[in-house]
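Peer 1: Got a structure for you, questions after.
Residue numbers (our numbering): 511 to 682.
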């Protein structure tokens, strides 16, 4: 059995769901999914977060590059977006894990919420009800910029990479 560090990621297998769905009512404001290094391993009962700077006034969609290990999983995955400075939750919801496409950016659209332009936000993923054969992963990239406040946290321990995620702002 291969461990998470033994996995070779073929980037030519990845697709972006927006090209299939024809999503065009929003514009990309954060994109750390343009390059892929590997995945973080199976997300079990831990918290996985990305702190990111948002240069927009509103957001309406989050996209995350998930891997399902080529199976339909039934566990739950909550997503919470929190302003770092105030610790105020600005949005929370769930991914329907059973509907996630493998090795694909999967999206949740929501009513637009106001954000502070240039502020830092934490996008937090929390896996629930996982089993030995029912869990997913998130991909990451090691293309870090000079912004030391942007980072990935696993159970609040800082990692040396960024999760592959996208945030969108509504086109108004």
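Using N, Cα and C, we set each Cβ at its ideal position, and we do this for glycine too.
Since the structure is predicted, the reported quantities are computational estimates derived from the model, not experimental observations.
Does DSSP classify residue 623 as helix, strand or coil?
Peer 2: For this step, residue 623 is matched to residue 113 along the chain shown. Here residue 623 sits in strand by DSSP.
Peer 1: Does DSSP put residue 682 in a helix, a strand or coil?
Peer 2: In the chain shown, the residue the question calls residue 682 occupies position 172. It is coil, neither helix nor strand.
Peer 1: Count the other CB atoms, across all protein chains shown, that sit within 10 Å of the CB of residue 668; report buried if there are 16 or more and exposed otherwise.
Peer 2: Counted from its first residue, the chain shown places residue 668 at position 158. By the neighbour-count rule (16 or more Cβ atoms within 10 Å), residue 668 is not buried but exposed.
Peer 1: Using the Cα positions of residue 631 and residue 580, report the straight-line distance between them to the nearest angstrom.
Peer 2: Counted from its first residue, the chain shown places residue 631 at position 121. Counted from its first residue, the chain shown places residue 580 at position 70. Going by the C-alpha atoms only, they are around 31 Å apart.
Peer 1: When burial is assigned at 16 or more other CB atoms within 10 Å of the CB, is residue 540 buried or exposed?
Peer 2: The sequence position of residue 540 within the chain shown is 30, counting from 1. Label assigned to residue 540: buried.
Peer 1: Skipping 5 residues on each side, what residues in its chain have a beta carbon closer than 6 Å to that of residue 533?
Peer 2: Locating residue 533 in the chain shown gives position 23, counting from the first residue. Bear in mind that a pLDDT of 49 at residue 533, under 50, signals an unreliable position, so the model cannot answer this.
Peer 1: Could you tell me the alpha carbon to alpha carbon distance between residue 594 and residue 633, rounded to whole angstroms?
Peer 2: Residue numbering aside, residue 594 sits at position 84 when the chain shown is read from its first letter. Residue numbering aside, residue 633 sits at position 123 when the chain shown is read from its first letter. Cα to Cα, residue 594 sits roughly 10 Å from residue 633.
Peer 1: Could you check the C-alpha separation between residue 682 and residue 572 for me, to the nearest Å?
Peer 2: What you label residue 682 is simply residue 172 of the chain shown in a count that begins at 1. What you label residue 572 is simply residue 62 of the chain shown in a count that begins at 1. In a straight line, the C-alpha of residue 682 is about 18 Å away from that of residue 572.
Peer 1: Measuring alpha carbon to alpha carbon, tell me which residue in 627, 621, 677 is nearest residue 615.
Peer 2: Numbered from its first residue, the chain shown carries residue 615 at position 105. Of the candidates 627, 621, 677, the one whose C-alpha sits nearest the C-alpha of residue 615 is 677.
Peer 1: Return the CA-CA distance between residue 670 and residue 627, expressed in angstroms with no decimal places.
Peer 2: Within the chain shown, residue 670 is the residue found at index 160, counting from 1. Within the chain shown, residue 627 is the residue found at index 117, counting from 1. Cα to Cα, the separation comes out at about 25 Å.
Peer 1: Cutting at 6 Å between CB atoms, please list the residues of its own chain near residue 591, excluding the five before and the five after it.
Peer 2: What you label residue 591 is simply residue 81 of the chain shown in a count that begins at 1. Excluding sequence neighbours, residue 591 sits near 600, 601, 631, 633.
Peer 1: Kindly identify the DSSP beta-bridge partner or partners of residue 667.
Peer 2: Here residue 667 corresponds to residue number 157 of the chain shown, with the count starting at 1. Paired residue(s): 664.
Peer 1: Can you tell which of 680, 674, 679 has the C-alpha that lies nearest to the C-alpha of residue 544?
Peer 2: For this step, residue 544 is matched to residue 34 along the chain shown. Of the listed residues, the one whose Cα sits closest to residue 544 is 674.
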